[in-house]
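Have a look at the structure below before the remarks.
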Amino acid sequence: MIVLNGLFRNWMLWLLVCSLLAMLLPMSGRGTAAGAAVLIDDLTDWSKVYDRSDSLSLRSFPDYPAEDPTRAVPGGSGGEYVTYRTKDPLRSFAVSAYYSPAGGRHGHPTFYVSPDGMTYSPVTASVYENGGYLQAVSYEANRLPPDAHYLQIRYNARSAGEPPTLGKVVLNGPGSVQSSLPGGLVPYGSKVVLRSETPGVTIYYTTDGSDPRSSRTRRHYGGPIDVLDYMELRTCAVLTGTAASRVSLYRYVPLPAEDEGRIGQVFEDGFVDSGVPQAVYGQTNTLLLKKFRSREAYLKFRLPEVIGEGDTVTLQVYGYAADSSRQPAALKLYSVSPAWSEGTLTYANKPLTVTGSAYGAAPPSSVGGTVYGGSSPPSVGDEVYGQSSSSTTEAVYGQQPVSGSSTVTGAAYDPAPSTVTGMTYGKLLDSLTLDYGPSGWLQFDITAYAREARQHGLTEISLALVNETDGMTFLGSRESGATAPFLLSSPQVKEGFTDGLETTGRIHSRSNVYLTGTDPDYYGGDTGRLARTSTAAGWVIYRSDEDIRSVTMTVYKYVAAGGDKFRLYGSKDGTVYVPIEAEAYGTNSSAGGWLGYLYEAVTSEEGIRYLKIELPASTDKPWASQLAEVTLNRSTASVQLSSTRTAGGLVAELSSAAPGAAVFYRLGEEQPYRRYSEPLLLTGFPKLQTYAVKDGLKPSPLRTYTLNASDAIKVDRFGQLGTNPFAGRVHSEQELRNDAAADEAYYGSLAPPEEWDRFGGLDGSAERFGLEATGYFAVGDAGGRKVLKTPEGNVFFSLGVNGLTNLETFTKVEGREEQFEWIPPSDGEYQQAFVPGDPGSFSYYMANKYRKTGQFPTSSALYTEAVGRLKDWGFNTAGSFSPEQYGSKNAFPYVRMLPLSWMDWARVPGLSLFDIFAPDAEQKIDATFASVLPQHENDEMLIGYFLDNEYDYHKFRREVPRLKGSRAAIKLKLVSELEAKYGTIAAFNTAWGTAFASFEEAKEQELPLKSSASWHDMNAFFELYMDTFYGTVSRIYRKYDSNHLLLGDRWITTPFHDTKLREIMAEASGKYMDVISINYYTRKLETDLLSEVHAKSGGKPILFSEFGYGTAEQGLKPLVPGAALNQNDRQLRYRNYVEGAASLSYVVGVHWFNYVDQAGTGRYWQGIGDWAERYNSGLLNVADRPYKTFLAGAMKSNYEIYQVMLGERPRFYYEFNSSSTP
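Note that the sequence shown ends on residue 1222 in full-length UniProt numbering; no numbers are left out.
Below you can see the structure in the form of structure tokens.
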């Protein structure tokens, strides 16, 4: 049964309107943090400093703006400090500092915070090495004590190390961006997860070397970034209205999972120096490159054994640039002859041929001049990108330089073919510009050169690196261990392609689509997409030269518009197409009301060369579904999860159908991805994200599983209760997908009566019984009984179903998460299965509909689908609590509610009653009816209106006297009626057994019912109330709608079973209603009471506006407990009830409650207590599976209802007894 009081209905209306607006209005995916003001001190003066040591000074460095042109310089005494004070709480700080390149060990400052400037506590700052000639360091701390207002930066004694100069200080600004994946050598297909400690920031990144703080190519970070190629990732955080954080730099080299034979090791290297042309630098940890004095590096490698067709071959070297010149390094890679050895390589015999134009004369040979021109070489013990250079001894660098400059131009090296190998040496292979920053891996492409060497039968190659600027570059040599150079052969798949839809060049043919690239932030940054030109279906066809084996595509859908799933078809000849089954996964990215989905399909059928992608038709908004990217034969199959419960938790196994694919996973948003190698034992409530990647292919779609590994589960991932088996229990997503075809066969097999007219009435009965057509539903007499008539005059028995909606399938999951095996993220793939605006309430029914069909049905689509099913099952009416706006457009008879529940002014505190005695009630009702009713006055599918649902008439006599007149006009009316009857307070006190001083006092006090007179008076007042309420509503209603029936107010059985109330309600209904409605739940029809109501009302027909039966088979509560043990009992109860009602000469319809079962853990608006309704009330269960045994019986009665109603066959009756059911 359903209990919806007026307050709830108003609240639901408000919620639905707000949620609709929320979906229609564009939303930003960028968060902002309201909070403390940001303080930025560039130290141009001391004005922003609260306190400092007098020995500190400010010094200007105008020639080097990138290194903070003004900095605070310590006096050298130790213990010096700088103090800042903030008005708002101090939440974070970032301090830039600089160390001399020759200063030795860093003397890091220490940091303290204080609430009052007197008592300071130390805080630990994160230290970030940013590189540069002056060694730049950033100190950052977040999540400071909530009462902090002071920051003090203290210098330590010089014995602790060289003190830095201080640059920019930022308080309460955005913290820098951290990566879950440290830079370096990583597995192919790794994912980078970025985060900042500062709430509300927007993270930007670039991969093209540009600055993410200002670059036009920067991208808004919305999810993990795939590492499929060498990547130089620069990223920063931005807080609205403030400066950006420091730029974090991460360089990644992806290594194949199957790397056997794909690495070419360096086995000789060294560098040369024209200043010491005879010196040998073949045993150093560091290779030096600089234009001044022509420092060049030479390297020999063994070619990788595996270089497949289409594979790329790259040189990977590790290093950084730093020089007093502040010039970026311009590195160039050349091919050179291998006729050199590490032990003898010098500038004088280097392989690269130097032309005369390189120096303007012959190569230098005289001794003398200036060592390094002012740029010092590394000294003994210096730290070079973290590697000790102590092996770079004074003896090596102590060679006497030659005199003069040795400037090498870009034309210094002339390519020349080798007469021995056939190779071309001295050829420029690749180049890059290296800015100053932290050390990392650098990549040069040598694919063509490596292939040339392989074609000539070579197994080794020789390379030279040259720097065209004075930006000294330090590279790791073979002696540096983990940072030694190497060659990498990376597999590339030659088949297939990815179409980013920037153009239509890849598309074979298309229809009803156009390219768009607007608002890329709403679409994960995709600037190329296809949308439909009109609401008709659109399509694109791709043609492949190879068999199509796999397809992945990205789709974006506008949530408010709903829409069908995209469909895929394959063809061998481009003429005959067959469906290809595809799975759709949410990308967990949403912005501006759009959600992203990934479609994945795998086909094993040979010969498929054409792929057709259909963009589904819609009733409006052709732009609401867009295709963003299509990949053929280049994606890895996604990860499948299987799990087994054990005493210790949940054992999860991950696998991919792609042979040789590596599987990665992480547990929690803050964790890095790890390579999966063995089953995972999970406990608690882990969130498992996983993907697979095969060398050379794109990673699979990222799958997210929110798991419950506890032992408190009551509801499985399909919303089914318990673990006990029952007929029709769902065990897998595939079963639900299979249901789509099973449904088509099932509903297609049903054969509803052909003798029904378009309204569900008995065709031809108007002529048979001489019934007049009025154009609207009406009450009539036929065959000696009361009937409803269709607008065409035919006999109509209303076989209705309430609640053609998903409303009762939502349940509150928040606050009891441990009870559910699976709860998806509320902002991801299953967003539309949550109550709009309420991420704590979820519908497993809606989730199952999506799993089954690949789409979330809109309320309109759900209603239309329900109407089709109801017709097949032999129903002919959409009952109450169904979306009224869809009734007429579906050409299916339906009912409405009068808008009385909207009227807050008529509420009675604590009671479900309409206060008809409220001031100006009639005028207010008139105004509302005038604005609502006329628009439906000519709707032929509308049967009529209910006043409301289940008023508390059974509480009227006891509760109304307890009300306060100041809060309820109905109490004032009661006291007024009593005063008019008794005249004096004394007479009233005597009759009621009270002791009030006045009637005024009685208005605010409880009037106890202690005497027969009091009960008599309350019966009379109830009679007055009913006559006034029904009479007022009826009169105003018929003023604005004379075409439709007034269907009563759906009594509950409690007042129906009260003799006096039943009499009063029946008599009032007879005067003002067209039909009396009762929500009548019972095992057996009480024909004596029903006949009395019919008689007392003057012969008005009766409609059973709610009834139902349920079982506990699937863990739900049964409607009418004990009435049915199973679905067979349930259908027998249905047949007894429906045919028994139809055989009564005054019953004109029965409405079943409800279309779909209520949520197994209770309706969401009733909370999480046991009182929340959770009935087996539906024709369908949570998996959208029909109760076929029950419905088979129901259809027998429904299909022959008019034969029973008109006495043409005996009604069905099954006698339940102790042997069949309790």
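All C-beta atoms in this analysis are idealised placements derived from N, C-alpha and C, irrespective of residue type, glycine included.
Since this is a predicted model, take the numbers as computed values, not measurements.
In three-state DSSP terms, what is residue i?
i, result
"glycine 874", "coil"
"tyrosine 50", "coil"
"threonine 704", "strand"
"tryptophan 1171", "coil"
"alanine 889", "Sequence check: residue 889 is lysine here, not alanine. Helix at lysine 889."
"glycine 668", "coil"
"proline 1186", "strand"
"tryptophan 441", "strand"
"alanine 97", "strand"
"asparagine 794", "coil"
"glutamate 808", "helix"
"asparagine 1181", "coil"
Please name the residue, chosen from the options, that lies closest to residue i on a Cα-to-Cα basis.
i, options, result
"lysine 300", "Phe267, Ala742, Ser294, Gly524", "Phe267"
"methionine 897", "Tyr1213, Gln885, Ala906, Trp905", "Gln885"
"serine 222", "Leu568, Leu463, Ser571, Asp521", "Looking at the sequence provided, one finds glycine at residue 222 rather than serine. Nearest C-alpha to glycine 222: Asp521."
"valine 693", "Pro672, Asn708, Gly660, Pro725", "Gly660"
"alanine 1112", "Ser1105, Gly1122, Leu1103", "Gly1122"
"threonine 312", "Thr346, Tyr230, Ser126, Leu239", "Tyr230"
"valine 895", "Gly879, Asp519, Gly784", "Gly879"
"threonine 353", "Val466, Ala1159, Leu434", "Val466"
"proline 839", "Tyr845, Gly828, Lys849, Asn848", "Gly828"
"valine 1147", "Ala1095, Ser534, Leu1179", "Ala1095"
"leucine 144", "Ala94, Val137, Ser100", "Ala94"
"arginine 737", "Glu581, Arg729, Gly719, Ser643", "Glu581"
"arginine 645", "Thr683, Phe664, Leu615", "Thr683"
"leucine 1090", "Leu1119, Pro1055, Ala1124", "Pro1055"
Here's the rule: buried if 16 or more other CB atoms are within 10 angstroms of the residue's CB, otherwise exposed. What is residue i?
i, result
"lysine 494", "exposed"
"glutamate 1208", "exposed"
"threonine 706", "buried"
"aspartate 147", "exposed"
"tyrosine 610", "buried"
"valine 1204", "buried"
"alanine 968", "buried"
"glutamine 923", "exposed"
"threonine 853", "buried"
"tryptophan 1152", "buried"
"leucine 13", "Below a pLDDT of 50, predicted positions are generally treated as unreliable, and leucine 13, at 43, falls in that range; the measurement from the model is reported next regardless. So leucine 13 ends up on the exposed side."
"aspartate 739", "buried"
"arginine 158", "exposed"
From which residue to which residue does the beta strand (DSSP E) around residue i run?
i, result
"asparagine 1043", "No beta strand (DSSP E) contains asparagine 1043, which DSSP labels as neither H nor E."
"glutamate 600", "594-602"
"arginine 1133", "Taken as a continuous stretch (DSSP letters only), arginine 1133 belongs to no beta strand (DSSP E), being part of the alpha helix (DSSP H) at 1127-1142."
"glutamine 455", "That residue, glutamine 455, is in no beta strand (DSSP E); its alpha helix (DSSP H) goes 447-455."
"residue 1223", "This structure cannot speak to residue 1223, because the chain is shown only from 1 to 1222."
"valine 73", "70-73"
"lysine 1152", "According to the sequence shown, residue 1152 is tryptophan rather than lysine. That run of the beta strand (DSSP E) goes 1147-1152."
"isoleucine 461", "460-467"
Considering residue i, what are the terminal residues of the alpha helix (DSSP H) in which it resides?
i, result
"alanine 1095", "1087-1096"
"tryptophan 539", "Note, tryptophan 539: premise wrong, no alpha helix (DSSP H); beta strand (DSSP E) at 538-543."
"threonine 1053", "1053-1056"
"lysine 849", "844-853"
"glutamine 1203", "1201-1205"
"aspartate 926", "921-932"
Quiz item: Quick one: complete alpha helix (DSSP H) runs, 4+ long, within the segment 746-781?
Solution: 765-769
Quiz item: In chain order, which continuous runs of the beta strand (DSSP E) of length 3 or greater are located wholly inside the UniProt domain "GH29D-like beta-sandwich" (182-247)?
Solution: 184-187, 190-192, 194-196, 202-206, 225-227, 231-238
Quiz item: Whole alpha helix (DSSP H) runs in the UniProt domain "Glycoside hydrolase family 42 N-terminal" (935-1083) with 4 or more residues, listed along the chain?
Solution: 956-959, 969-982, 985-992, 999-1004, 1012-1040, 1053-1056, 1059-1072
Exercise. Enumerate, from N- to C-terminal direction, the unbroken beta strand (DSSP E) stretches of 3 or more residues contained entirely within the segment 103-168.
Key: 110-114, 121-123, 126-131, 135-141, 150-154
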